[in-house]
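What follows is a short report on a single structure.
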Amino acid sequence: MGSIAAPEYVSPEYMHCVREPRFRQNVYEPEADTFLFLEALDKDAELLRSLQPERCVEVGCGSGTVITHLRCLLLPHVVPAATEAVDSAKPVPSCRTRSTRSAVGGPMFCAVDVNPVALEASAITWTETLLKHFRTTVLTDFYDRLFQSPVPTSLAAPVVLSAEGSAPPSPHADAGAATSSSLSASTFCLHRFHGDLFGALSRANSAPALFDVILFNPPYVPTSLGELEDAVSQQDLITTAWCGGPRGRVVLDRFLRQLPSVLSRRGVCYVVLIKENDVADVAAFAQAAFREHLRDSGMEAVGNEGAVLEITEVAARYTGEHLSVHRLRYLPRFQTS
């Protein structure tokens, strides 16, 4: 039987980021790059479902629009426009990073940002979207059946501070042990982390968690290094959300250096770029980072040249700047460790 469309859902509820001064002044509100990101996820919806991801994370979540849209797309009955329904009876390849799901009822979803106001906005986007569009069709039955509880009024867990050195919740969630006191174990709970890139997600002196879907819309606008440093020192939250330093690559390159240690072998990463970032050089930089990671992991046959990643442009648009969203994933021969 094919999936049942949910036409009432189109995109997340983010208007609080536009209406409310506190969010409007401190959080990057959804713009053309955000909507292009949603388009890319829509195009890849069947692929994303086939991965059966256990852990998903958006780094630099801002308003939370993108991670919320991913959650909605991964609901089995949501079919984006112009996308064929996924046949629920058709077997799909698994992308399991652990022996069990990472949350009760489905994937675990995490959001990371250095901006605490963005994490607050993300919680509202996530909660309002799920409650408005899926309370009746999904949430009520889910919470009643698994937790014997009504649907919570907030679907976001408390923010974890990077200074606490806390790791994401255990990947070995036991659905049979779920109780009303452990609602944060639900796949409909957004786990929020305050910190820089992936550092907020790892406990000190422990191996980083692996993620099957990683989303990143970096500060990609080319600026001087001084402008970026000034924005950071002045805690200008809006400017730091788009100010990318020389070639718009300062934060992006740091992200790409860290990415190999947190992306599962069958996982996918989506990154927003603009032409001025030098897309070909970004791809070469990513290939080099992943080659080094594979060699460090014991794959001595991986040399200093040659592709180890499949890098695909999923969506592109010109809106005063040449925007594109790219999917990064290991080539098939590297997808098993």
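The sequence shown begins at 1 in our numbering and counts up by one.
All C-beta atoms, glycine included, are put in the ideal place defined by N, C-alpha and C.
Find out if the Cβ-Cβ distance for the pair Thr137, Thr153 is shorter than 9 angstroms. no
Which term fits Tyr143, buried or exposed, when burial requires 16 or more other beta carbons within 10 angstroms of its beta carbon? buried
Ordered list of alpha helix (DSSP H) runs contained in the region 221-272, each at least 4 residues: 225-233, 237-242 and 250-258
Grouping DSSP H, G and I as helix and E and B as strand, with all else coil, what is Glu310? strand
Looking at C-beta atoms only, is the number of pairs between the region 25-43 and the region 310-328 that lie closer than 8 angstroms three or more? yes
Within a Cβ cutoff of 8 angstroms, which residues of the same chain sit near His16, ignoring the five residues on either side of it in sequence? Phe23, Ala121, Ile124, Thr125 and Glu128
Which residues bound the beta strand (DSSP E) around Val27? Counting along the chain, Val27 falls outside any beta strand (DSSP E), and DSSP gives it neither H nor E.
Candidates Arg265, Glu39, Phe211 and Asn26: which alpha carbon is nearest Met108's? Phe211
Once the 5 residues before and after Ala157 are set aside, which same chain residues still bring their CB inside 6 angstroms of it? Ser184, Cys189 and His191
CA nearest to the CA of Ala316, picked from Val325, Leu252, Pro246 and Ala288: Val325
Endpoints, alpha helix (DSSP H) assigned at Cys61: Where Cys61 is concerned, there is no enclosing alpha helix (DSSP H), given that its DSSP letter is neither H nor E.
Figure out for me which residue from Asn26, Pro246 and Pro76 has the closest Cα to the Cα of Leu47. Pro76
Cβ of Val219 within 9 angstroms of Cβ of Gly199? The residue you asked about is not Val; residue 219 is Pro in the sequence shown. Not closer than 9 angstroms, so no.
Spatial neighbours of Ser99 within its chain, please: C-beta separation below 7 angstroms, excluding the five flanking residues on both sides. In this prediction, Ser99 has a pLDDT of 34, which is less than 50 and means its spatial position is unreliable; nothing more can be read from the coordinates.
With a threshold of 16 other CB atoms inside 10 Å of the CB of Asp304, please say whether the residue is buried or exposed. First, the amino acid is wrong: residue 304 is Asn here, not Asp. The residue is exposed, with fewer than 16 neighbouring Cβ atoms inside 10 Å.
Alpha carbons only, please: which of Arg265, Asn217, Ile238 and Asp113 is nearest the one belonging to Tyr28? Ile238
If you drop the 5 nearest sequence neighbours on each side, which residues of the same chain put their C-beta closer than 7 angstroms to that of Val251? Pro218, Pro219 and Gly244
Proximity to Arg257 [Cα-Cα], best of Pro53, Arg19, Phe290 and Arg265: Phe290
With a cut-off of 8 angstroms on the beta carbons, I'd call Val268 and Arg329 a contact; round off their distance for me. 5 angstroms
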